[in-house]
Every structure is written in C-alpha cells, then in structure tokens.
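Below is one structure; the comments refer to it alone.
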C-alpha cells in the first residue's frame with residue numbers, strides 16, 4: 001500500500017547508491033523534482049534507465065550521480081545535444097558514463113515485458129541496424145511457429161521507478177493523464193516505486209478507462225507541486241520550451257552548469 | 001507568378017507535397033514535422049499524423065518543439081501509451097509512411113543519428129536511434145528530408161543507426177515483413193530517389209535555380225542524375241503564406257509569449 005512520504009524521505013528510503021533507477025515520463029510528466037532530490041542527497045553510481053534522458057538525466061549525469069545509462073534517444077528535443085551527457089561520454093567529465101543504447105521500440109517493449117513479469121521482449125526490430133553490434137543486450141531469436149527472425153531484448157526491471165502524475169486520492173490511487181508514455185509499465189516493472197503528484201484530492205473523478213495506478217501497486221507517494229517543471233503536467237502547466245532552449249547554453253559550459261546546479265538544486269531546499 | 005522564397009522553404013514545401021490525403025504518416029520531429037503539418041494545412045487536410053509520443057491523428061496549431069508537447073495530445077483523436085504506439089500501430093502495420101530526418105545519410109539511404117567517428121571513442125556523440133530504426137522497417141515506405149551538404153551526404157555512414165538499403169543496397173532483400181524503405185529524399189537542393197535496381201540514390205528533380213554542380217559539390221560521393229531530370233515546381237503563394245504563418249505562430253509560442 002502506498003505510503004505518503006515527503007519527497008526527501010521517499011528518496012532517502014528507496015534510492016540507494018549503486019542501484020538501478022528509472023525515471024520515466026515521455027517528454028510529459030518528467031519527474032524533475034524527484035531527480036533533483038536524488039542529486040541533493042548525493043547518490044552515486046546509479047544505473048539510470050530512461051527512453052529519452054532529457055534534461056533531468058543531463059543534470060544527474062553532470063552532478064556525478066551516474067555510472068551507467070540505458071536509453072534510446074539522448075538529445076534535447078527540438079534543440080540539440082545533451083551537453084552534460086556528451087561531456088561524460090566524450091571526455092569523461094565529471095566521470096565516465098557507460099552507455100547501453102536501444103531503439104524506442106525495443107525499450108518500450110522491454111518496459112512492457114518487465115511489467116508483464118517476462119524475462120525478455122520480442123519485436124520486429126533492429127533489422128540492418130549497427131546497434132546490435134555495440135549493445136550485447138540485443139539478440140535475435142527464431143520464431144518457433146513461423147521461423148521469422150525477431151529481435152529480443154531483456155525486460156527492464158528497475159530496483160526503483162520514479163514517475164510524476166497529476167494527482168492521487170487519499171488512498172494513494174494515482175491518475176496519469178495526457179501523454180502517458182511508459183509510466184504505468186515503469187511502475188509495474190520495478191521492485192519499488194515512488195510517484196510524485198501535483199496534488200492530493202478527495203476524489204480522483206475518473207472515467208472508466210483512465211490510466212490509474214492503484215495505491216497498492218505503488219510504494220510511496222510524495223507531493224511535488226510543479227514537480228515536472230520545466231516539462232509539463234497536462235491540465236496543470238505547459239512545457240517551458242524557452243527553458244529547454246536556454247538549457248543549451250547552461251549545459252554547454254561546465255562552470256555555468258555547476259553554478260546553475262548550485263542555485264537551482266543544491267541550494268534550492270526540498271522543493272525545486 | 002514569381003514569389004520570393006528561401007531554399008529551406010523550397011525544401012519544406014516539396015517535402016509536404018510528398019504526402020497525400022488519406023496517408024497515415026508517422027512523423028519525426030523537426031523538418032519532417034514542419035512538412036507534414038504544412039501538408040495537412042494545405043493540400044492534404046485528411047493526412048493522418050502520428051507522433052511516437054502516442055498521439056494518434058493529431059492536428060497541432062503550432063509546431064511542437066519536442067515529440068511530446070501538450071499541443072500534440074490536446075489536438076489528437078486519442079493518445080495511447082508508447083508501447084501501444086510502437087507495437088500495435090507501427091509494428092502492427094497501420095503506418096503508410098515514416099517521415100524522418102537524420103544527421104547523416106549515405107548513397108544507400110542508410111541513416112546515422114548515433115555518432116561521428118568510432119563508437120567507443122566518438123568525435124561527436126549524436127542523440128541515437130529513437131524511433132527511427134523500427135519506423136524505417138515497419139512503415140510501408142519512408143520519406144527523408146534534410147539539408148544538403150558534404151557533412152550530411154556521405155558515401156558510407158559512420159554507423160548504420162537506421163536501415164536504408166544496407167551497405168551493399170541489398171539490406172532488405174529476402175527479409176520478411178519489411179517495408180519498401182526509403183522512396184524519396186528531399187533536400188534544399190533537389191529530390192532524390194533510390195535506383196530501382198541498385199538502390200543507390202539518384203537525383204530526379206532539381207529545385208529552381210539549382211545546378212548539377214551545386215548538388216555534386218554538396219554530396220560526398222559521385223552522385224548520379226536521372227536521364228529525365230525534372231525541375232521541381234516552385235512553392236505557391238498559398239503554401240508559402242501558410243508555412244510562414246505556422247512558423248511565426250510557433251516561434252511566438254516557443255518564446256513564451258503566446
């Protein structure tokens with residue numbers, strides 16, 4: 001049953017050094033507040049999983065929290081590079097980050113397989129791509145019924161998944177609306193999960209087919225108002241596309257990044 | 001009628017014209033998204049646009065900066081999860097055209113969005129595959145649009161992120177359940193199509209004012225030209241007006257004051 005905790009306490013309890021952590025949200029509902037709390041608590045040697053690392057992983061990588069990254073598209077959407085990711089991969093600053101890269105289709109399938117409790121995902125993918133040459137987690141199998149050659153990747157099973165959602169009720173049931181990405185799969189695939197929400201309400205007031213995560217499938221819930229900013233929360237606030245553009249200049253320079261991190265994360269208290 | 005336009009506008013309008021009413025198009029972010037929405041707002045109001053964020057049949061008022069801007073979801077017929085998008089809608093065979101951009105392309109239409117240089121010691125690290133590897137093989141066909149230069153048009157890509165026709169042009173031969181692959185490449189200089197036999201790209205149409213020399217100078221291999229080389233029709237005043245308005249609205253929105 002979901003326990004209501006402060007974001008500080010939820011991260012302190014469930015995110016340990018050296019564990020495999022997934023923060024999902026496909027462009028939408030990216031759990032920035034949770035990511036910043038992980039940085040503030042100085043976690044190290046994390047293996048981070050996320051389809052689109054986005055600014056949140058750029059920040060975690062630049063802050064030195066990350067040993068390994070599993071991803072499928074590592075750019076600043078519509079803007080360009082993730083400069084902290086590039087600096088870590090190309091120059092080893094602040095430390096070398098090992099990368100394991102997939103395609104979106106493979107990662108989406110691997111999340112789904114993780115949620116389904118299967119060891120692997122099968123897809124019609126990676127045909128003719130060089131990615132299997134550089135990622136030993138991509139294999140090919142023969143369909144036992146048709147003989148077709150299909151790609152196989154291991155399912156994703158994080159130690160802990162962190163996602164952000166619009167709201168929870170007082171029983172800890174969570175509503176996710178808009179672009180739902182792989183949030184449900186990320187939570188169900190993980191051993192533990194933390195869901196940050198914009199607000200707690202008396203009644204979720206949902207339609208029958210809404211994307212609802214039952215409280216008994218979640219470890220902890222923490223309120224984090226504007227917890228997805230500068231990404232967005234459908235129905236609450238818009239994506240700050242201007243900040244995504246400004247990030248390019250901040251992240252390009254190590255000193256500018258470090259100053260930004262100090263001002264906006266380290267010295268920003270418990271809510272950023 | 002002669003209207004002033006830029007080579008970028010020429011590229012977008014030409015790319016937009018490749019889409020037809022009734023097509024279902026899986027749209028990449030950036031130039032493909034600009035072209036696909038221009039098509040929807042001009043000659044192909046019935047084109048179905050799908051983005052990998054799960055937004056199905058979307059009709060945004062402004063161009064999204066990211067593949068998952070709220071605009072896409074709000075204006076969509078419905079929004080599905082990302083696994084559903086890739087498994088049911090793309091792999092399930094419901095996409096006619098994948099519309100992609102790229103950082104590098106080679107003579108056999110292979111795309112590289114992974115890195116320049118050696119994989120374990122990259123000169124430039126690029127974002128990676130994203131949706132492209134499976135869009136390119138599971139969609140019925142693929143349109144590609146990008147700016148023409150020696151840096152982008154190389155003889156052999158450093159890394160095949162996404163299959164065109166492979167290193168030898170035969171990468172799709174004998175593969176079951178695979179799409180036709182790239183059928184046209186639209187740049188700011190010309191339109192290219194793969195040779196039906198060898199699969200090597202051939203220039204089929206030059207944009208107005210562009211010479212063969214211009215294309216040769218911007219291509220990293222001995223590019224061939226079709227015998228019946230055409231001249232790409234100029235953008236119409238309406239296409240230009242719609243494109244400019246769309247871009248202006250988009251810039252205002254992304255600057256944060258709309």
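Chains as they are written, first to last, in UniProt numbering: chain A, 1 to 272; chain B, 1 to 258.
Ideal placement from N, C-alpha and C gives every residue a C-beta, glycine not left out.
All values reported here derive from a predicted model rather than from experimental measurement.
Exposure label - residue i; buried when at least 16 CB within 10 Å
i	result
residue 15 (chain B)	buried
residue 216 (chain A)	exposed
residue 158 (chain B)	buried
residue 1 (chain B)	Any answer about residue 1 (chain B) is weak, because its pLDDT of 48 lies below 50 and its placement is not dependable; what the coordinates show is given next. It counts as exposed.
residue 88 (chain B)	exposed
residue 52 (chain A)	buried
residue 144 (chain B)	buried
residue 133 (chain A)	exposed
residue 199 (chain B)	buried
residue 273 (chain A)	The question about residue 273 (chain A) has no answer, for chain A in this structure spans 1 to 272.
residue 249 (chain A)	exposed
residue 31 (chain A)	buried
residue 184 (chain A)	buried
residue 238 (chain B)	exposed
residue 149 (chain A)	exposed
residue 85 (chain A)	buried
residue 210 (chain A)	exposed
residue 224 (chain A)	buried
residue 17 (chain A)	exposed
residue 120 (chain B)	exposed
Inter-residue spacing [alpha-carbon to alpha-carbon] between residue i and residue j
i	j	result
residue 138 (chain A)	residue 98 (chain B)	23 Å
residue 257 (chain B)	residue 68 (chain B)	Because the pLDDT at residue 257 (chain B) is just 47, under 50, the model does not fix this residue reliably, and the point stays unresolved.
residue 253 (chain B)	residue 62 (chain B)	8 Å
residue 163 (chain A)	residue 60 (chain B)	26 Å
residue 190 (chain A)	residue 159 (chain A)	6 Å
residue 47 (chain B)	residue 40 (chain B)	6 Å
residue 27 (chain A)	residue 226 (chain A)	15 Å
residue 34 (chain B)	residue 47 (chain A)	36 Å
residue 112 (chain A)	residue 83 (chain B)	7 Å
residue 168 (chain A)	residue 204 (chain A)	7 Å
residue 241 (chain B)	residue 97 (chain A)	47 Å
residue 102 (chain B)	residue 9 (chain B)	18 Å
residue 181 (chain B)	residue 80 (chain A)	26 Å
residue 1 (chain A)	residue 55 (chain A)	31 Å
residue 272 (chain A)	residue 100 (chain B)	Confidence at residue 272 (chain A) is low in this model, with a pLDDT of 39, below 50, so the placement of that residue should be treated as unreliable; the coordinate-derived value is given next. Taking the straight line from one Cα to the other gives about 36 Å.
residue 173 (chain B)	residue 31 (chain B)	29 Å
residue 166 (chain B)	residue 142 (chain B)	15 Å
residue 256 (chain A)	residue 54 (chain B)	35 Å
residue 247 (chain B)	residue 151 (chain B)	26 Å
residue 197 (chain A)	residue 101 (chain A)	30 Å
residue 9 (chain A)	residue 262 (chain A)	21 Å
residue 113 (chain B)	residue 140 (chain B)	21 Å
residue 241 (chain A)	residue 228 (chain B)	45 Å
Residues that residue i contacts on chain A, provided the C-beta gap is smaller than 7 Å
i	result
residue 125 (chain B)	86, 89 and 90
residue 83 (chain B)	108, 109, 111, 112, 182 and 185
residue 166 (chain B)	128
residue 134 (chain B)	103, 105 and 125
Helix, strand or coil at residue i [DSSP, three-state]
i	result
residue 30 (chain A)	coil
residue 272 (chain A)	Its pLDDT being 39, under 50, residue 272 (chain A) is placed unreliably in this model, and the value from its coordinates should be taken loosely. It is coil, neither helix nor strand.
residue 220 (chain A)	strand
residue 64 (chain B)	coil
residue 205 (chain B)	strand
residue 126 (chain A)	coil
residue 51 (chain A)	coil
residue 57 (chain B)	strand
residue 208 (chain A)	coil
residue 103 (chain B)	coil
residue 264 (chain A)	helix
residue 16 (chain B)	helix
residue 70 (chain B)	helix
Contact set between residue i and chain B, taken where Cβ atoms lie within less than 7 Å
i	result
residue 127 (chain A)	137, 163, 175 and 178
residue 134 (chain A)	119
residue 60 (chain A)	Residues of chain B passing the Cβ test: none, with the nearest at roughly 17 Å.
Within chain A, the residues that residue i reaches when beta carbons sit closer than 8 Å
i	result
residue 218 (chain B)	Correct list: empty, because the minimum Cβ distance to chain A is about 22 Å.
residue 255 (chain B)	242
Chain A residues whose Cβ lies nearer than 9 Å to that of residue i
i	result
residue 65 (chain B)	77, 78, 79, 239, 241, 244 and 245
residue 200 (chain B)	Near residue 200 (chain B) there are no residues of chain A at all, since even the closest Cβ is about 16 Å away, more than 9 Å.
Chain B residues whose Cβ lies nearer than 9 Å to that of residue i
i	result
residue 131 (chain A)	114, 128, 129, 133, 159, 160 and 161
*Using a Cβ cut-off of 8 Å, which residues of the region 157-189 of chain A contact any Cβ in chain B, in chain order?*
178, 179, 180, 181, 182, 184 and 185
*the region 140-156 of chain A: which residues have C-beta closer than 8 Å to a C-beta of chain B, in chain order?*
148
*Which of the residues in the region 25-45 of chain B, read from start to end, lie with their CB under 8 Å from any CB of chain A?*
29 and 30
*What are the residues of the region 214-239 of chain A that lie near chain B, defined by any Cβ-Cβ distance shorter than 8 Å?*
232, 234, 238 and 239
_What are the residues in the region 83-108 of chain B lying within 9 Å of chain A by C-beta distance?_
83, 84, 85, 86, 87, 90 and 91
_Where the region 63-86 of chain A meets chain B: residues whose CB sits under 9 Å from a CB there_ = 71, 72, 73, 74, 75, 76, 77, 78, 79, 80, 81, 82, 85 and 86
*If you measure beta-carbon to beta-carbon, which residues of the region 20-32 of chain A are closer than 7 Å to chain B?*
26, 27 and 28
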